[in-house]
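Engineer: Residue numbers (our numbering): 63 to 381. My structure is below; once you've seen it, I'll send some questions.
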Amino acid sequence: MPDTSDPACGNIPFSFELYPPKSDAATSALHATIERLAAAGPEFISVTYGASGSSRRSSLDVLTHILRTTTVDPLAHLTCVGSSSAEASQLIREFLDAGVRSFLALRGDPPEGAREGEAFLGDLGSAAELVQLIHRVQAERVPYREAVIPGLPAARTIKREREKVRIAVAAFPNGHPQSRSAAQDIDTLLAKQAAGANLAITQLFFHADHYLSFIQRARAAGVEFPILPGIMPVTSPARLRRILELSGEELPSELAIALEVEPTKEGQREIGIRQATELARELVAGGAPGLHLYAFNQHETVLAVLDGAGLLAPTPSAT
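Below, the structure is given as structure tokens:
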């Protein structure tokens, strides 16, 4: 059990990532998961968005469910590959009209076999351009706000400050697969900041030093917004292989061996939770401003990680 006497316990913000369900049964299960995750008190819950709009409606359905049934801020993933500026603007407006005020702006990967520069990839060339577009759509949608003038009930004054939106971007502690150098990764992050991003979430990694050294380089270069480390509890050899295939990360040999030699699924799950819990502890000790956990649409594993790291506030029923 975590040491709840630690004054830091429960004070570190955390968030979760989910993906849209693919069946009615999965939808029902996801709603139950959202209820459990929301009860833990996350800063936000992000929802992924399929390439080429493949999960546009289901993503929006999950986001609006979070808005209707919880007090948690839903964060919408947006990708720009394959979309024109007009198409992306329409989608952004649709999310804003639904009440979404937080976004993760991603360029997205070209479809398999496509080459950079091909016309069908769309006319938004980077996540930074998507960040600018989100701000522009929001400004056009709500150009100003009116406020009552005290003592003059029929009069209104114009307030120029607009409703703020949270725009997160991706960061890559071990480098983007298409990056030529570590310096290029930092320069890209600076470009996203200049475009108006105010938060970053990292791709997964397996060693705290990878994140902490990246933060040092980013801060030295002038990156100012919070950079949340992304943590994914890896609970099976198959999941680890798939993660490495998608991310291009190097094989974490110690974790890989432990998962391969453990014969039971429950034992593999415990190994994954233990590794992610230790990583969370090291990141918090190193000064991480929060944690972002990839939940795979299940609540038990990520909540076990937070509990083991002492980051869940005690509940009245806790013993």
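Cβ atoms here follow ideal geometry from the backbone N, Cα and C, with glycine treated the same way. Values in this document were obtained by computation on a predicted structure and should not be read as measured data.
Terminal residues of the continuous beta strand (DSSP E) containing Y356?
Structural biologist: L353 to Y356
Engineer: With a 10 Å radius around its C-beta and 16 neighbouring C-beta atoms as the bar for buried, classify I211 as buried or exposed.
Structural biologist: exposed
Engineer: Span of the alpha helix (DSSP H) holding L266?
Structural biologist: It is not in any alpha helix (DSSP H) - L266 carries neither H nor E in the DSSP assignment.
Engineer: Which first and last residues belong to the alpha helix (DSSP H) in which V199 is found?
Structural biologist: A189 to R203
Engineer: If we ignore side chains and look at the alpha-carbon of each, how far apart do S275 and I289 end up?
Structural biologist: 12 Å
Engineer: Go through the stretch 297–350 residue by residue and report every complete run of the alpha helix (DSSP H) that reaches 4 residues or more, in order.
Structural biologist: You should have 299–309, 315–323 and 327–347.
Engineer: Is the beta carbon of G334 closer than 9 Å to that of L385?
Structural biologist: Residue 385 cannot be examined here, being either before or after the span of the chain that is shown, 63 to 381.
Engineer: May I have a chain-ordered list of the beta strand (DSSP E) segments no shorter than 3 residues that lie completely inside the stretch 139–168?
Structural biologist: 164–168
Engineer: Does the Cβ of I247 have 16 or more other Cβ atoms within 10 Å, making it buried, or fewer, making it exposed?
Structural biologist: One point to set straight first is that residue 247 is Asp, not Ile, in the sequence displayed. Buried, by the Cβ-count rule.
Engineer: Between S116 and L214, what straight-line distance do the alpha-carbon atoms span, to the nearest angstrom?
Structural biologist: Bear in mind that a pLDDT of 49 at S116, under 50, signals an unreliable position, so the model cannot answer this.
Engineer: Let's test the definition: count the other Cβ atoms within 10 Å of the Cβ of P325 and tell me whether it reaches 16, buried, or not, exposed.
Structural biologist: exposed
Engineer: Determine the direct distance from the alpha carbon of G372 to that of P314, and round the result to whole angstroms.
Structural biologist: 25 Å
Engineer: If you run the structure through DSSP and keep just helix, strand and coil, what is G370?
Structural biologist: helix
Engineer: Using a Cβ-Cβ cutoff of less than 8 Å, which residues in the same chain neighbour A232 once the five nearest sequence positions on both sides are dropped?
Structural biologist: Within the same chain, A232 has close Cβ partners L166, L168, A189, A262, I263, T264 and Q265.
Engineer: Tell me whether the beta-carbon of I229 lies closer than 9 Å to the beta-carbon of A259.
Structural biologist: At a Cβ-Cβ threshold of 9 Å, I229 and A259 count as neighbours.
Engineer: Could you give the residue range of the alpha helix (DSSP H) that holds I74?
Structural biologist: From DSSP, I74 is part of no alpha helix (DSSP H); its letter is neither H nor E.
Engineer: 9 Å is my cut-off, CB to CB: does Q278 come that close to chain C?
Structural biologist: Structure shown: chain C not included; a single protein chain is present.
Engineer: Round the Cβ separation of A357 and L92 to the nearest angstrom and send it over; I've been treating them as touching at under 8 Å.
Structural biologist: That pair is no contact at about 10 Å.
Engineer: Around the Cβ of T131, are there at least 16 other Cβ atoms within 10 angstroms (buried) or fewer (exposed)?
Structural biologist: exposed
Engineer: Using 9 Å as the threshold, is the C-beta distance between A245 and M294 below it?
Structural biologist: no
Engineer: What residues match up with D135 in a beta bridge as DSSP calls it?
Structural biologist: F106
Engineer: Return the Cβ separation of I154 and I128 in integer angstroms, given the expectation that the two are a contact with Cβ distance under 8 Å.
Structural biologist: I154 to I128, Cβ: 18 Å. No contact.
Engineer: I'd like to check one pair, Q194 with A257: are the Cβ atoms closer than 9 Å?
Structural biologist: Yes.
Engineer: Taking the alpha-carbon of P299 as reference, which of P291, Q330 and A280 has the nearest alpha-carbon?
Structural biologist: Q330
Engineer: Locate the beta strand (DSSP E) running through R228, then write down its first and last residues.
Structural biologist: That run of the beta strand (DSSP E) goes R228 to A233.
Engineer: Helix, strand or coil: how does DSSP classify A262 here?
Structural biologist: strand
Engineer: Closer than 7 Å by C-beta to P104: which residues in its own chain qualify, once you throw out the five before and the five after it? Chain order, please.
Structural biologist: F76, S77, F78 and V134
Engineer: Look at the alpha carbon of L251 and the alpha carbon of L345, and state the distance between them as a whole number of angstroms.
Structural biologist: 20 Å
Engineer: So is Q240 buried or exposed if we call it buried at 16+ other beta carbons inside 10 Å?
Structural biologist: exposed
Engineer: Between Q360, E307 and D271, which lies nearest to G349 when the distance is taken from Cα to Cα?
Structural biologist: D271
Engineer: Within its chain, find whatever has a CB closer than 8 Å to the CB of L368; leave out the 5 residues flanking it on each side and keep chain order.
Structural biologist: F76, A102, A342, L353, L355 and L374
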